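Numbering (the working numbering), first residue to last: 627 to 791. Data first, discussion second: the structure below is written as structure tokens.
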Amino acid sequence: MSRDVKIAYLKSLQGYLWTQGYASGSLRCPLFPDVAPSMKKWHAAGITIIIYSSGSVAAQKLLFQYTNAEPTPDLRSLISDYFDTVNAGVKSDKESYEKIAKTRDVHIGKWLFLSDNVKEVQAAKGAGMKSFVVVREGNVPLSGDEREGNILVGSFEEVKLKGEV
């Protein structure tokens, strides 16, 4: 698993282990302390939250069902939709973001994509989305070139959205 090999039976086993681990309470998805409160605030303000991950949609739903957020660890009710590389495409391709944007009746220029991956941020910007690089402790440090021309945030609390209370 450490090599992230995409072999079907290993992925099935991984999915089974995750399901059992989360359901038993042995596993919890660790979130940075600002994530759940920000998601709740944005959702309450009527802002649509969509997840796009290289992990499968099924894995995303498990992660957001069993978080370490208190008092409510299940954040799925805050999320309107989930996308992965199967239903949207490769995260470093601008066409993937265009495809996701077409699922909603909102101009692509009004979307905001947050990621710690500069290539993903560039692809989203190339599609016409606003996009910020989230710089967190433990992430690979960004080079000067990667910092240049990007909006950097260290916390979701730094992200102010229209309609937010």
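Where is the CB? At the ideal position from N, CA and C, for every residue including glycine. Bear in mind that the values here come from a model prediction, so they are computed numbers and not experimental data.
Practice prompt. Throw me the rounded Cβ distance for the D660 and F782 pair, which I believe falls under 8 Å.
Written response: Right, their Cβ atoms sit about 5 Å apart.
Practice prompt. Note the first and the last residue of the continuous alpha helix (DSSP H) segment covering V747.
Written response: Looking at the DSSP string, the run of the alpha helix (DSSP H) that includes V747 is V744 to A753.
Worksheet item: Can G780 and V761 be called in contact, C-beta distance under 8 Å?
Response: A contact, by the Cβ cut-off of 8 Å.
Worksheet item: DSSP on S679, reduced to helix/strand/coil?
Response: Coil, per DSSP.
Fill in: Spatial distance of Y635 from A671 (CA atoms)
Computed Cα separation, rounded: 42 Å.
Worksheet item: What is the residue span of the alpha helix (DSSP H) that K667 lies within?
Response: The continuous alpha helix (DSSP H) containing K667 extends over residues V661 to A670.
Fill in: Coarse secondary structure for I734, derived from DSSP in three states
Looking at I734 - three-state DSSP - the assignment turns out to be helix.
Worksheet entry | For K717, the first and last residue of its enclosing beta strand (DSSP E) | Per DSSP, K717 belongs to no beta strand (DSSP E) and is neither H nor E.
Worksheet item: Tell me the DSSP bridge mates of K712?
Response: Residue identity differs from the one stated: residue 712 is Val in this sequence, not Lys. DSSP, once it has assigned bridges, lists no residue as partnering V712.
Worksheet item: Is it buried or exposed for K728, if we count other Cβ within 10 angstroms and need 16 for buried?
Response: Looking at its Cβ environment, which holds fewer than 16 other Cβ atoms inside 10 Å, K728 is exposed.
Worksheet entry | Buried/exposed call for Q646, threshold 16 Cβ in 10 Å | Taking every protein chain shown into account, the CB of Q646 has fewer than 16 other CB atoms within 10 angstroms, so this residue is exposed.
Discussion item. Tell me which residue opens and which closes the beta strand (DSSP E) that K756 is part of.
Written reply: Where K756 is concerned, the enclosing beta strand (DSSP E) stretches over K756 to V760.
Practice prompt. State buried or exposed for T674, treating a residue as buried only when at least 16 other CB atoms are found within 10 Å of its CB.
Written response: Counting other Cβ atoms within 10 Å of its Cβ, T674 stays below 16 and is therefore classed as exposed.
Worksheet item: Counting pairs of beta carbons, one from the segment 691-699 and one from the segment 712-732, are three or more of them closer than 8 Å?
Response: As far as the Cβ criterion goes, the segment 691-699 does not touch the segment 712-732, which means the pair count is below three.
Practice prompt. Count the other C-beta atoms from every protein chain shown that fall within 10 angstroms of the C-beta of S706, then say buried if there are 16 or more, exposed otherwise.
Written response: So S706 counts as exposed.
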